[in-house]
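Below is one structure, written out as structure tokens; the observations come after it.
Numbering (my numbering), first residue to last: 2 to 498.
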């Protein structure tokens, strides 16, 4: 099939269409090596096709050379790119060249980016010039990598929103209030977080219960849903000043965009136009990339049909949960485990003996010990992989916890425990509701054999109805009961016999 199509190209029969057919049949990789062998033996033909009078033929042959990674044609591709006068074809050469080592062409690529940046862009040429510039920047970035900036703004006065669990914002708010010189008088709880001004970002890293830190930048707290107007708002704001004041080193800064809105089709169109226009209007000071970005522009649709605009800095190191090197599918998020500790801390004891009978990768026990030191902590799990991961996480956390690969229903210890603190199993993978309910029944039957008479049992659960039913049947007293996540219908219980 490949030879037949290539013969037609050699005979100048529907060249453009047959080049497209070749590209199509090598997509899955099956015919790629055969095609590469056949085509690479015809270097002169490839050069002639790159000089074809038909622009789409030039485009298709360039893309085919790239698909086949014919590095021997690298110089010919670059020369064809430099001579190309048809705008919509130019980016095709660059897409092809991206699949080869372009280090030797770094200097002329940078010169071309500068040339394009200084060019007057109109309605007729704008789309293609932006595409060419985007591909060039992508190539330069692949060679040089992102020259990341160091965050230095720990003591800069910043207006921020700390996103946290909506049902327990007061927990985070009260924790922050206990830190000296952190919260200003105008701090307030909002729908999804805490809005405040502070010049002590480093102290906020002591609080383990907030989820994300977002910055509000003067002049761009809201913007229009029209991409061009949104870019105008952002480029005329204090964004560059904000970035430069908080980092060592000058532009460019590398960004990504996150848009939260209902209309998916409108979102896709907005992002594409917004990104290319922002790069252009910033004069190369802001560069979009899908990896190694330094900050995120987050646009959230509001009830007025506009976007609330926030910035997330990935240069600001958040090391609160660095110990969590390993996870399994059922692992609780560390920030949620930290919240549970805060909710239960009044019932926890210093130097307690603590047991997690379904410990997974150890997150619950690690977070408990970070808040209140335990005398002895044990984690049990029937999955050996989870136990090994728990040991690695605990070592990274600098803690001592004993992990045992055993079913908690057959586990015995010479001492009874003061506390059980656990994330109960829930339906996932092959586990059925019947199997999960049986685990709950057996847990409540056996828990009394593991904890002291006045011991405390703290459960995070996805199955509130099971707990409510079995608590009554088993004679436990509910000391605390609160919902953690409405969407997931997760709850936290503190029980006592």
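Where is the CB? At the ideal position from N, CA and C, for every residue including glycine. Since we're looking at a predicted model, the values are computed, not measured.
In the three-state reduction of the DSSP assignment, residue 299 falls in the strand class, which pools E and B. Boundaries for residue 194: no alpha helix (DSSP H) harbours it, while the beta strand (DSSP E) harbouring it runs 194 to 199, taken from the DSSP string.
For residue 42, no beta strand (DSSP E) encloses it, and the DSSP letter there is neither H nor E. Counting only residues of its own chain and dropping the five nearest sequence neighbours on each side, residue 274 has a CB closer than 8 Å to the CB of 228 and 229. Residue state for residue 318 is assigned as coil, using DSSP reduced to three classes. For residue 455, the enclosing beta strand (DSSP E) stretches over residues 452 to 462. For residue 164, the uninterrupted beta strand (DSSP E) segment begins and ends at 159 to 165. Annotated three-state conformation of residue 213 is strand, per DSSP. Residue pairing of residue 492 in beta bridges, as defined by DSSP: 462 and 484. For residue 335, the closest C-alpha among the options 309, 369 and 318 is that of 369.
For residue 405, the enclosing beta strand (DSSP E) stretches over residues 403 to 405.
In the displayed model, residue 22 falls within a helix according to three-state DSSP.
Only buried fits residue 209, as 16 or more other CB atoms lie within 10 angstroms of its CB. By the neighbour-count criterion, in which 16 or more other beta carbons inside 10 Å mark a residue as buried, residue 364 falls on the buried side. If the five residues before and after residue 194 are omitted, its C-beta is found closer than 6 Å to the C-beta atoms of 162, 163, 164 and 165, all from its own chain and listed in chain order. If you ignore the 5 residues before and after residue 459, its C-beta comes within less than 6 Å of the C-beta of 345, 422 and 495, all in its own chain and listed in chain order. Residue state for residue 283 is assigned as coil, using DSSP reduced to three classes. When secondary structure is reduced to three states using DSSP, residue 312 falls in the strand class. Setting aside the 5 residues that flank it on each side, residue 398 is surrounded in the same chain by 324 and 367, each with a C-beta closer than 6 Å to its C-beta; the list follows chain order. Under DSSP, residue 356 shares a beta bridge with 379 and 421. Contact annotation: residue 204 and residue 218 have beta-carbon atoms that are not nearer than 8 Å. Between the region 145 to 152 and the region 242 to 251 there are three or more C-beta pairs closer than 8 Å, enough to call the two in contact.
The beta carbons of residue 279 and residue 333 sit no closer together than 8 Å. Cβ atoms of residue 39 and residue 77 stay farther apart than 8 Å, at about 18 Å.
In this structure, DSSP gives residue 326 a state outside helix and strand, which the three-state scheme calls coil.
Along the region 44 to 112, the alpha helix (DSSP H) occurs as fully enclosed runs of 4 or more residues at 44 to 51, 56 to 68, 75 to 84 and 88 to 98, listed in sequence order.
Residue 322 is positioned such that its CB atom lies no closer than 8 Å to that of residue 426. Here residue 223 is bridged, per DSSP, to 309. Its Cα nearest to that of residue 41, the residue 66 stands out among 66, 24 and 19.
For residue 342, the closest of 82, 461 and 237 by C-alpha to C-alpha distance is 461. Look at residue 27 here: in three-state DSSP terms it is coil, with no helix or strand label.
In this structure, DSSP gives residue 16 a helical state, which the three-state scheme calls helix. A contact is defined here as three or more CB-CB pairs under 8 Å, and the region 82 to 97 meets this definition with respect to the region 118 to 132. The distance from the Cβ of residue 63 to that of residue 97 is about 5 Å, consistent with a contact at the 8 Å cut-off. Rounded to whole angstroms, the separation of the alpha carbons of residue 438 and residue 468 is 10 Å.
Cβ contact annotation for residue 483 (same chain, cutoff 8 Å, sequence separation greater than five): 168, 169, 344, 492 and 493, in chain order.
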